[in-house]
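**Q** Here it is: the structure, laid out below.
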Amino acid sequence: MDILLVLLGFVFACLGIIGSFLPVLPGPITSWVGLLLLHLTKAVPQNWTFLGITLAIAIIIFFLDYFIPAMGTKRFGGSKYGMYGTTIGLIVGLLSPIPFGILIGAFVGALVGELIYDSKDTNRAIKASFGAFLGFLASATIKFSIAMVYLVLFMVKFWEHRGSFF
190 MDILLVLLGF VFACLGIIGS FLPVLPGPIT SWVGLLLLHL TKAVPQNWTF LGITLAIAII
250 IFFLDYFIPA MGTKRFGGSK YGMYGTTIGL IVGLLSPIPF GILIGAFVGA LVGELIYDSK
310 DTNRAIKASF GAFLGFLASA TIKFSIAMVY LVLFMVKFWE HRGSFF
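Count along the sequence shown starting at 1, add 189, and that's the number in my numbering.
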């Protein structure tokens, strides 16, 4: 049973890294589930303080993920239409077969949203789209960093107690 939990935990930790770039999957929280599964094994002693702190960080990052792209859009003069366009563009970019579809989708979605809001001011629309793009990159970088740290923590904990598994 322990080996199954470790394998599932590793899968969740890796899915968390993928989830850092996909808007559908919450990256750090998914990685945290991997840490939880590792701590539920009999080989690794349960450290509820460690799990609580890492969960709190994952939840904070989860909520910040919704505000950072919006803050980028607002900071560069965007509207709610630009923020909605960014979200729609992320989803369309995710489903498209083109390379870097998520990044292109965020930018184009924000641009289209801003042009719908005010089609006469293209400079403001481009500036707001750039802000949405930067916000998405900042958010993805933070989520990726936390998910990588959780994967490293997973590997370190597993390595410390590897003798108990085999």
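For every residue, glycine included, the Cβ atom is placed at its ideal position computed from N, Cα and C.
First and last residue of the alpha helix (DSSP H) that includes Asp310?
**A** Counting along the chain, Asp310 falls outside any alpha helix (DSSP H), and DSSP gives it neither H nor E.
**Q** Return helix, strand or coil for Leu214, following the three-state DSSP convention.
**A** Of the three classes helix, strand and coil, the one that applies to Leu214 here is coil, per DSSP.
**Q** Beta carbon of Lys332, beta carbon of Gly266: below 7 Å?
**A** No.
**Q** What three-state label does DSSP hand His350 in the structure shown?
**A** If DSSP states are grouped into helix, strand and coil, His350 belongs with coil.
**Q** Given a cut-off of 7 Å, decide if Phe343 and Ala202 are closer than it, judged by their beta-carbon atoms.
**A** Their beta carbons are under 7 Å apart, which means Ala202 touches Phe343 by this criterion.
**Q** Go ahead and pull the three-state DSSP assignment for Ser334.
**A** It is helical.
**Q** Starting from Val200, trace the alpha helix (DSSP H) in both directions and tell me its first and last residue.
**A** Here the alpha helix (DSSP H) through Val200 covers Asp191 to Gly208.
**Q** Say whether the region 269 to 279 touches the region 304 to 311, bearing in mind that this needs 3 or more beta-carbon pairs closer than 8 Å, one atom from each stretch.
**A** A contact exists between the region 269 to 279 and the region 304 to 311.
**Q** Does the distance from the C-beta atom of Ala321 to that of Thr262 stay below 7 Å?
**A** Contact: yes.
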